[in-house]
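Asks: Numbering (our numbering), first residue to last: 253 to 471.
Ideal placement from N, C-alpha and C gives every residue a C-beta, glycine not left out.
See the structure below:
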């Protein structure tokens, strides 16, 4: 993978999984939270080595080439709005899903059909190059696709071809097959809607370690 400076926004399981993978690949990586000095981010940075650091969302985004949104869907737009200037011109990899757990499990989607969280994020930072990707996977499979018995499919959606190229480079470096390019950011509607089935499959299978594989008809 081409060496780039990465900012991972979010200190939860997804953020830590992505940040650890990037560090393992020799990528300078900062973990961002609402304020610098966040205990979880500080602990991660201390244990991750000399390529790691931490700071506020705005601080880490300002110094990054690639910004990862590893946030809860309900917080994503407000965070992006607060740092829209820092995100200008940067590749923003959107891993979020608009999951609404207000009525328990399985969740509903807070936005769907004629809009998506991916589109809302792009509108919140119009000068950023947002790419929807990784949102169809568990955090373990994002960084360890070899846990599955065979290769499966992943996706990218966004308006900027160069930004999608960065996402492809990252996905392949993480061990994924070349992703299916779904076109513009509006394709986030379909990618996010997969979570309605994904959460139910999780309940049936009792594990998050599964993924899609598209099988095409013989020519």
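Taking the C-alpha atoms as reference points, what is the distance between residue 254 and residue 343?
Replies: C-alpha separation (whole angstroms): 14 angstroms.
Asks: Taking all protein chains shown into account, do 16 or more other C-beta atoms lie within 10 angstroms of the C-beta of residue 470, making it buried, or fewer, making it exposed?
Replies: With fewer than 16 Cβ atoms within 10 Å of its Cβ, residue 470 is classed as exposed.
Asks: Starting from the N-terminal side, write out each stretch of the alpha helix (DSSP H) that is 4 residues or longer and does not extend beyond the segment 266-348.
Replies: If we require 4 residues or more, the alpha helix (DSSP H) runs fully inside the segment 266-348 come out as 291-300, 309-314, 325-334 and 336-339.
Asks: Might you give, ordered along the chain, the residues of its own chain that have their beta carbon closer than 8 angstroms to the beta carbon of residue 301, omitting 5 neighbours on each side?
Replies: Taken in chain order, the residues that qualify are 275.
Asks: Nearest by alpha-carbon distance to residue 427: which of 404, 437, 347 and 297 is it?
Replies: Per the Cα distances, 404.
Asks: Who are the near neighbours of residue 297 in its chain, counting only those whose CB is closer than 6 angstroms to its CB and skipping five residues on each side?
Replies: Around residue 297: 304, 305 and 306.
Asks: Do three or more CB pairs link the segment 331-339 to the segment 356-365 at distances below 8 angstroms?
Replies: The segment 331-339, when compared against the segment 356-365, does not touch it at the 8 angstroms Cβ threshold.
Asks: Evaluate contact between the segment 430-447 and the segment 398-412, counting only Cβ atoms and requiring at least three cross-stretch pairs below 8 angstroms.
Replies: Touching, per the Cβ criterion.
Asks: To the nearest angstrom, how far is it from the Cα of residue 259 to the Cα of residue 338?
Replies: Taking the straight line joining both Cα atoms gives about 11 angstroms.
Asks: Give me the Cβ distance between residue 288 and residue 311, rounded to the nearest whole Å; I'm assuming they're in contact under 8 angstroms.
Replies: Contact holds; Cβ gap of about 6 angstroms.
Asks: Helix, strand or coil: how does DSSP classify residue 416 here?
Replies: Of the three classes helix, strand and coil, the one that applies to residue 416 here is helix, per DSSP.
Asks: If we count the other Cβ atoms within 10 Å of its Cβ and call it buried at 16 or more, is residue 401 buried or exposed?
Replies: Under this definition residue 401 is an exposed residue.
Asks: Got a sec? Which residues, its chain only, sit under 6 angstroms from residue 346 by beta carbon, not counting five neighbours each side?
Replies: Hits under 6 angstroms: 321, 370, 373, 382 and 384.
Asks: In whole angstroms, give me the CA-to-CA distance for residue 265 and residue 394.
Replies: When rounded, the distance between both Cα atoms is 11 angstroms.
Asks: Residue 447 and residue 365 look like a contact to me (Cβ under 8 angstroms); what is the Cβ gap, rounded to whole Å?
Replies: The pair is not a contact, with the Cβ atoms about 14 angstroms apart (cut-off 8 angstroms).
Asks: Pick out whichever of 309, 294, 315 and 292 has its Cα sitting closest to the Cα of residue 280.
Replies: Cα-wise, what sits closest to residue 280 is 315.
Asks: With 16 as the cutoff for other CB atoms within 10 Å, does residue 443 come out buried or exposed?
Replies: Looking at its Cβ environment, which holds 16 or more other Cβ atoms inside 10 Å, residue 443 is buried.
Asks: Using 8 angstroms for Cβ pairs, my map puts residue 313 next to residue 319. What's the rounded Cβ distance?
Replies: Contact holds; Cβ gap of about 5 angstroms.
Asks: If you count every other CB in all the chains shown that lies within 10 Å of the CB of residue 456, and 16 or more means buried, which is it?
Replies: Classification for residue 456: exposed.
Asks: Under a three-way DSSP split, which group does residue 409 fall into?
Replies: In the structure shown, residue 409 sits in a strand (DSSP, three-state: E or B).
Asks: Restricting to Cα atoms, I'd like to know which of 465, 458 and 317 is closest to residue 419.
Replies: Out of 465, 458 and 317, 317 has the C-alpha closest to the C-alpha of residue 419.
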